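There are 4 protein chains.
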Amino acid sequence: MQQLQQLIQEAQPFYKNGHVATYIPALSEVDPKLLAVSLIDGNGHIFQEGDTQQFFTLQSISKVISFIFVCATYGTEHVLQYVDVEPTGDPFNSIIRLESHQPGKPFNPMINAGAITISSMLPGGTVDEKVHNLQSFIAKMVGVHCEVSDEVFTSEWETAYRNRAIAYYLKANGYLQGDVEVALEAYLKQCALLVDVQQLATIALVIANDGYHPLTKEQLFDAKIAKMAKALMLTCGMYNASGKFAAFVGLPAKSGVSGGILCLAMDAQIEELQGTIGIGIFGPAIDEVGNSVAGMKFLEQLSRQYQLSIF
Amino acid sequence: MQQLQQLIQEAQPFYKNGHVATYIPALSEVDPKLLAVSLIDGNGHIFQEGDTQQFFTLQSISKVISFIFVCATYGTEHVLQYVDVEPTGDPFNSIIRLESHQPGKPFNPMINAGAITISSMLPGGTVDEKVHNLQSFIAKMVGVHCEVSDEVFTSEWETAYRNRAIAYYLKANGYLQGDVEVALEAYLKQCALLVDVQQLATIALVIANDGYHPLTKEQLFDAKIAKMAKALMLTCGMYNASGKFAAFVGLPAKSGVSGGILCLAMDAQIEELQGTIGIGIFGPAIDEVGNSVAGMKFLEQLSRQYQLSIF
Amino acid sequence: MQQLQQLIQEAQPFYKNGHVATYIPALSEVDPKLLAVSLIDGNGHIFQEGDTQQFFTLQSISKVISFIFVCATYGTEHVLQYVDVEPTGDPFNSIIRLESHQPGKPFNPMINAGAITISSMLPGGTVDEKVHNLQSFIAKMVGVHCEVSDEVFTSEWETAYRNRAIAYYLKANGYLQGDVEVALEAYLKQCALLVDVQQLATIALVIANDGYHPLTKEQLFDAKIAKMAKALMLTCGMYNASGKFAAFVGLPAKSGVSGGILCLAMDAQIEELQGTIGIGIFGPAIDEVGNSVAGMKFLEQLSRQYQLSIF
Amino acid sequence: MQQLQQLIQEAQPFYKNGHVATYIPALSEVDPKLLAVSLIDGNGHIFQEGDTQQFFTLQSISKVISFIFVCATYGTEHVLQYVDVEPTGDPFNSIIRLESHQPGKPFNPMINAGAITISSMLPGGTVDEKVHNLQSFIAKMVGVHCEVSDEVFTSEWETAYRNRAIAYYLKANGYLQGDVEVALEAYLKQCALLVDVQQLATIALVIANDGYHPLTKEQLFDAKIAKMAKALMLTCGMYNASGKFAAFVGLPAKSGVSGGILCLAMDAQIEELQGTIGIGIFGPAIDEVGNSVAGMKFLEQLSRQYQLSIF
């Protein structure tokens, strides 16, 4: 695995081109130099390197998972009535597109408007039930219930004015289901779920495998939903750099402002790893659009070296 | 090839859910019932069915080809200074996004703003030179110089007010190169290039093969450019239905309002056809976003039956 | 006063071109045929006609009054840091303009975004204090504390999703002062203040008189503030018909969806009434932009007959 | 007239807060220190001071005049089918509002979109006829045919990309009448008409007098049109500062980027001048929204000193 280690060593210094997210104290205190990578294939082969003990919050990466869970619960047809799956070049927290495109249906579940709508549909009548059900869904993939970081949740909750504006806007237009504050709290708690890179890689592996968990031998969700999630990740998973990531890396991925990236490859061969491969990355220094700088660099080189692009 | 024939027969009646484009007389007079399909693989195996003698204009399909040609001429780095490659859920002829996102750089070459900018960069000082050079580039793929339909060009030229508005807007912001009227005329002439489904399938095959023409054994353009073109087709090739097409069909494709669709599959096996496969479709009845209804239906079933989705 | 009575009789049947506001039960149950008019001049001469006993809620008319009160309390320079005074052709509850014009400063206090910002600045630490202080300010003009309609407030409060979205958006951008829910409740309570046409006419008279109350002989606020209020009423007081109202009627006015209109004339002579004249109107059938149809008709004819246009 | 002279002297140094327009060579070469003022009343009393010999181009001031002329020719009802009269806080050359408000009808004749539409309606089949007819209409007010500055017209024409974009957009949506290039050339020629401050003051005087020329004793256009023009000037005559100008100065006015301002007062008394007064100003250093800095300062002080605000 010498080559992989070298790719990581080469990518790590690029953290200097980014900064840790500063709008939450909990995120701003992280060491920007950190870089952790985990790769796992369908046979359970694992490659790990760097600060893999580090836990970090899912943030926007949770959007893919809650979308899959809600689709698995209610069926994609029902879900698509409330959220479209069209990409958009807008910032993740834009309101303007909601209003200019009647009647306010969120473009896709990867932007905040769509993700909050999805969170409002999480099964369960209370915030606790919704979050618990999502934790249980994730546990089927990673084996344990991920915890919510109270520190991160609390600081986001207190300044969530813009997300609250989006949520009430969605309610006014009939897309957000149930109580607005419940949806918003569930959303911010799912964003504050703590994972490590191996857990991230395992979730990616299940999605890559079309919902089938190769280690537990269970089909956790429908292949159709997995393919939809992969398409969404490719078209709008990397914020406003999604198009360039598709063009130059060519892998389905979803990033979060905590510096995490969930990525996956299909039909790949990366040293001993083969077939579908889940990738989890943590590199907290992010660029101006919100993606881990060192993480992006690593994926770019990895895709090139092992010809992983799906195109 | 009985199965393929059956898929076509099943898809054809869906033309009833669409209408031929009416804004150009030449397009509006076409029989909406028509459906022609051509598939070709790297060994030269061809499957054809339906009204394959019919010629039709490229329209927006030309946007992929001119983008590839301009990138092959000047390098992708140069081209990306003038056009971004980020998808957007906006209608193809929207101006609003240009103005709201400073400084007016077109989001991607698949919307009119981006495509007109690309046409302004076609090598050649005059309209004739630009069009001739593009025809020569296409000829390397299909063997002949495709003709410009004077009838279609003339009627588009006379009513091209909105495209002209976009073009002058791009000029005002420094993205359109050279003379505006030259760029616009070149753009509308490239849209009016006449092809049949087999030519379309052949162009698709070369893109699928990363720029290598398996029949002439020539590398016509760089693999990196081909991958960028495929990513663009997947993220924004099917107008405002691109995201849904990626989710439910999962193939790089580009459609035009004439009812043509250029599509491609990689690592596929469709009856006798194998490996990279180019697909050309003509079904002139289009839906409200601009895609051939019967053509979309055929691709949806084809992808499902032969598991072609790249996801 | 036979002529005035005739103008009212001629205007009343135009109620048929409108409808009572339906989004609040309390408003939707009002008889659309009602029309009440009150005119009062600086000598205390009063003309009244129609259903003048009817009370109705101020709704958007309250925006002028709270703006004047907040300016009188903190000075116009301070207030203009939080709200601009530029007109805009947008619907009163638009969010889009907030986002597209950095950094989200409301265009003027007559649209909801500006009015909610102003309500957040009402003196007082609690909702009750804020509303009480506004009531006291109004009482200096009309002699009594106007009551809040609990019925109207309650039904608006429960469905105020869009206003809440606007309020949190303003908070996110630093314009809304203090607690969002306090500001919103104060805003909706000021909208639910009950008045009759004579009280409306009296308020209008004080504004017309540049803040001087000709009956109590008190200067209630600065002439500079009154002139600013009149300018705002003329440029953006009649929702999306403000420009046409300025062109064809030419009087400062502010309307509410309850069907009320506060209007004023300066240097006028209307039968026995002379000089500055305050006008209060109630005609609950409103047109699609939100103005009382019969009320507008009456003002149009009144302005023409007595040459009241300020232009 | 010592007081007026003093006001001018006090306003002149404020030119330092502005800059001459730089996008046209002809404008950029003017001395920013210049300040010329002319006031004229209905009895022909004239006050003039400063560089009154200086000629300058009308630029946006021409928008009021062409609007009046087209209304006088075809009637306001006809004209209002093509252009609305609602104010908007947008920059004068914005396209975004055209597209977001279906179906693209210009908000008012004071923004470029509305003004170009009005120019397309100027009577006459050719550019020369249109311009000649407008010159003749102006000649009825000022006594002579104003000349077109070829230098200014030529430099604007060569770089009129943004106006051309607006014009073709209007054509695409059916608002612009006749040939686009003819309308645009007529528009830019009307903007390049040369006047001095006394001519400007005389035009203002006729508008102030509701279309009646007090010196030639002719009714040049209907009072209703004049009132509409005054309302437009007040609500949207001073670009994005129109609301503040209405609030703090309170006079109908129209400015141009050449540094000219046409302004008018009614029922005024300014030293020997009485009744309706026309004001012409030239101060070429403009602020960031496009208004003459020294000219605005002078009008602000003039309005305050002589209590000219219509509010």
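Sequences listed follow chains A, B, C and D, in order. Be aware that the first sequence starts at 3, since it is given in our numbering, and climbs by one per residue. Be aware that the second sequence starts at 3, since it is given in our numbering, and climbs by one per residue. Be aware that the third sequence starts at 3, since it is given in our numbering, and climbs by one per residue. Be aware that the fourth sequence starts at 3, since it is given in our numbering, and climbs by one per residue. Just so it is clear, CB atoms sit at the ideal spot from N, CA and C, and this is done for glycine as well. Only a predicted model underlies this, so the values are computations on that prediction, with no experimental measurement involved.
Comparing the C-beta of residue i with each C-beta of chain C, is any distance below 8 angstroms?
i	result
residue 107 (chain A)	no
residue 299 (chain D)	no
residue 249 (chain D)	yes
residue 89 (chain D)	yes
Please report the distance separating the alpha-carbon of residue i from that of residue j.
i	j	result
residue 104 (chain B)	residue 164 (chain D)	Residue confidence is low: residue 104 (chain B) scores 45 on pLDDT, short of 50, so the model does not pin down where it sits. Its coordinate-derived value is still stated next. Roughly 15 angstroms separates the two Cα atoms.
residue 119 (chain D)	residue 180 (chain D)	10 angstroms
residue 261 (chain C)	residue 18 (chain B)	49 angstroms
residue 221 (chain D)	residue 215 (chain D)	6 angstroms
residue 169 (chain A)	residue 75 (chain A)	22 angstroms
residue 13 (chain B)	residue 297 (chain B)	7 angstroms
residue 109 (chain C)	residue 238 (chain D)	14 angstroms
residue 69 (chain C)	residue 72 (chain D)	39 angstroms
residue 65 (chain A)	residue 111 (chain A)	7 angstroms
residue 7 (chain D)	residue 227 (chain D)	34 angstroms
residue 77 (chain A)	residue 166 (chain A)	27 angstroms
residue 50 (chain B)	residue 300 (chain A)	44 angstroms
residue 275 (chain B)	residue 209 (chain A)	29 angstroms
residue 211 (chain D)	residue 156 (chain C)	51 angstroms
residue 286 (chain D)	residue 244 (chain C)	32 angstroms
residue 213 (chain A)	residue 305 (chain B)	19 angstroms
Strictly under 8 angstroms for the Cβ-Cβ distance: is residue i near chain G by that measure?
i	result
residue 166 (chain B)	In the displayed structure, chain G is absent; the protein chains listed are A, B, C and D.
Where do the ends of the alpha helix (DSSP H) carrying residue i lie?
i	result
residue 311 (chain A)	Element bounds for residue 311 (chain A): n/a, residue is neither H nor E.
Under the three-state reduction of DSSP, which class applies to residue i: helix, strand or coil?
i	result
residue 214 (chain D)	strand
residue 60 (chain B)	coil
residue 66 (chain B)	helix
residue 81 (chain D)	helix
residue 87 (chain B)	coil
I'd like to know whether the C-beta of residue i is nearer than 8 angstroms to at least one C-beta of chain B.
i	result
residue 256 (chain A)	no
residue 174 (chain D)	yes
residue 84 (chain D)	no
residue 234 (chain A)	yes
residue 67 (chain A)	no
residue 237 (chain A)	yes
residue 135 (chain A)	no
Let me see if you follow: with CB-CB separation under 8 angstroms, is residue i close to chain D or not?
i	result
residue 76 (chain B)	no
residue 230 (chain C)	yes
residue 277 (chain C)	no
If you measure from the beta carbon of residue i to each beta carbon in chain A, is any gap under 8 angstroms?
i	result
residue 313 (chain B)	yes
residue 20 (chain B)	no
residue 163 (chain C)	yes
residue 214 (chain C)	no
Jot down the residue ranges of each uninterrupted alpha helix (DSSP H) in the segment 102 to 182 of chain C, minimum 4 residues, whole runs only, in chain order. 114 to 122, 129 to 144, 152 to 160, 163 to 174
Which runs of the beta strand (DSSP E) spanning at least 3 residues fall entirely within the segment 11 to 52 of chain B, listed in chain order? 38 to 43, 48 to 52
For a minimum of 3 consecutive residues, which ranges assigned as the beta strand (DSSP E) are wholly contained in the segment 216 to 304 of chain B? 255 to 257, 262 to 272, 275 to 284
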